[in-house]
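Undergrad:
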Amino acid sequence: MALVDEAREVRERAYAPYSNFKVGAAVRGQSGAIYRGCNVENVAYPEGTCAEAGAIAAMIAAGETELIEVAVIADSPEPVPPCGGCRQKLAEFGRSHTPVLLATVSGKTLATTVGELLPGRFEVAHMAGTE
1 MALVDEAREV RERAYAPYSN FKVGAAVRGQ SGAIYRGCNV ENVAYPEGTC
51 AEAGAIAAMI AAGETELIEV AVIADSPEPV PPCGGCRQKL AEFGRSHTPV
101 LLATVSGKTL ATTVGELLPG RFEVAHMAGT E
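Residue numbers for the sequence shown follow the UniProt record's numbering, so the first one is 1 and each next one is one higher.
#1: Classify Y35 as helix, strand or coil using the three-state DSSP reduction.
#2: Among V43, S31, G84, H126, whose alpha-carbon lies nearest the alpha-carbon of E69?
#3: Could you pull out every unbroken beta strand (DSSP E) segment of at least 3 residues lying fully inside the UniProt domain "CMP/dCMP-type deaminase" (1–125), listed in chain order?
#4: With burial defined as no fewer than 16 other Cβ atoms inside 10 Å of the residue's Cβ, what is the status of T65: buried or exposed?
#5: Taking only the alpha-carbon atoms, compute the straight-line gap between N42 and G48 and give it to the nearest angstrom.
#6: Kindly give me the distance between the Cβ atoms of T98 and I73, rounded to whole angstroms, as I take these residues to be in contact under 8 Å.
What follows is the structure, encoded as structure tokens:
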């Protein structure tokens with residue numbers, strides 16, 4: 001099953017009773033295993049979880065720390081990019097060249113990379129020399 005199909009399937013499990021905007025994400029770890037996540041809303045809006053964050057958390061829980069491919073899908077007219085926080089999370093566990101496929105349920109796609117989504121990302125190297 002393609003990574004975007006995994007994201008499409010898990011999107012159906014999203015908990016989005018307030019916005020009705022369901023998002024699914026799937027990441028492939030360095031081992032080749034696929035980890036999925038969906039958005040989980042909360043009545044206290046800032047306390048929700050994004051699909052990308054859920055997929056990354058599943059990957060980390062399985063013992064992997066590097067993602068090599070990402071797919072995100074939502075029901076929108078155009079592919080929806082990850083929020084700023086998720087871009088930083090993707091950058092934490094991916095590389096600049098890590099492919100990211102953004103898709104809509106109607107079939108539109110946009111291929112990009114972690115580096116294109118977050119140029120000038122904050123990295124551990126920026127903390128060198130701090131004590």
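Backbone N, C-alpha and C fix where the C-beta goes; we use that ideal spot for every residue, glycine too.
TA: If we stick to the structure as given:
#1: For the purposes of this step, residue 35 is identified with residue 35 of the sequence shown, where counting begins at 1. When secondary structure is reduced to three states using DSSP, Y35 falls in the strand class.
#2: One-based indexing of the sequence shown puts residue 69 at position 69. Selection V43, S31, G84, H126 evaluated against E69 yields S31 as nearest (Cα-Cα).
#3: Runs of the beta strand (DSSP E) inside the UniProt domain "CMP/dCMP-type deaminase" (1–125): 23–29, 34–38, 67–74, 99–104, 109–113.
#4: Indexing the sequence shown from 1 puts residue 65 at position 65. Taking a 10 Å sphere around the C-beta of T65, we find fewer than 16 other C-beta atoms and assign the residue as exposed.
#5: Numbered from its first residue, the sequence shown carries residue 42 at position 42. Numbered from its first residue, the sequence shown carries residue 48 at position 48. Taking the straight line from one Cα to the other gives about 5 Å.
#6: By one-based count along the sequence shown, residue 98 stands at place 98. By one-based count along the sequence shown, residue 73 stands at place 73. Contact doesn't hold; Cβ gap of about 17 Å is too wide.
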